[in-house]
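Remarks on the structure that follows.
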Amino acid sequence: MKAWYETYLATDLRVGTMGVVDEVDGDVLDDVDIENQVQALTALVEITSGFCTTCRHGFANWPHNSDETRFELWQLNTLDRAAADRPGCKLCSFFMSQLRWRKDLDIS
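Note that numbering that gives the first Met the number 0 gives residue 87 to position 88 of the sequence shown, counting from 1, and the numbers run on in steps of one.
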């Protein structure tokens, strides 16, 4: 899995990821394990002024140069965003609502 993940991270997203994604298409996810991970992470989330630590850091370090066309603000992962959504991070709640609306969280 680690080798696959490193390949995925090295993939140029502008070209596409379907080959990398197809490699794990048949994998079965453990819903109970995922829920346990989210619950454990939720206990670590700190919300201040409606935002989790990750989102507050992202806003505090937002690029000020409007000429920058590409930048990496922060990396997001679904488990962390789901965990921060539960106690009420506004941005994580928005991200998760969009994933639910688009049915991107459906694993069947």
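All C-beta atoms in this analysis are idealised placements derived from N, C-alpha and C, irrespective of residue type, glycine included.
Taking three-plus beta-carbon pairs below 8 Å as touching, is the region 77-84 in contact with the region 44-56? By the Cβ rule, the region 77-84 counts as touching the region 44-56, because three or more pairs are nearer than 8 Å.
Ordered along the chain, which non-local residues of its own chain (more than five positions away) have a Cβ less than 7 Å from that of residue 85? The residues are 41.
Over the uninterrupted alpha helix (DSSP H) stretch that includes residue 31, give me the two end residues. From DSSP, the alpha helix (DSSP H) with residue 31 extends over 30-41.
State the Cα-Cα distance for the pair residue 43 and residue 33, rounded to the nearest angstrom. Each residue's alpha carbon lies about 16 Å from the other.
Under a three-way DSSP split, which group does residue 107 fall into? Bear in mind that a pLDDT of 46 at residue 107, under 50, signals an unreliable position, so the model cannot answer this.
What distance in whole Å lies between the Cβ atoms of residue 23 and residue 3, which are believed to be in contact at a cut-off of 8 Å? That belief holds up - the Cβ atoms of residue 3 and residue 23 are roughly 7 Å apart, short of 8 Å.
With a threshold of 16 other CB atoms inside 10 Å of the CB of residue 17, please say whether the residue is buried or exposed. With a threshold of 16 other beta carbon atoms within 10 Å, residue 17 falls short and is exposed.
For residue 87 and residue 59, what's the separation of their Cα atoms in angstroms? Spanning the alpha carbons of residue 87 and residue 59 requires a straight line of approximately 19 Å.
Alpha carbon of residue 11 to alpha carbon of residue 31, nearest angstrom: Near 32 Å, if we compare the C-alpha coordinates of residue 31 and residue 11.
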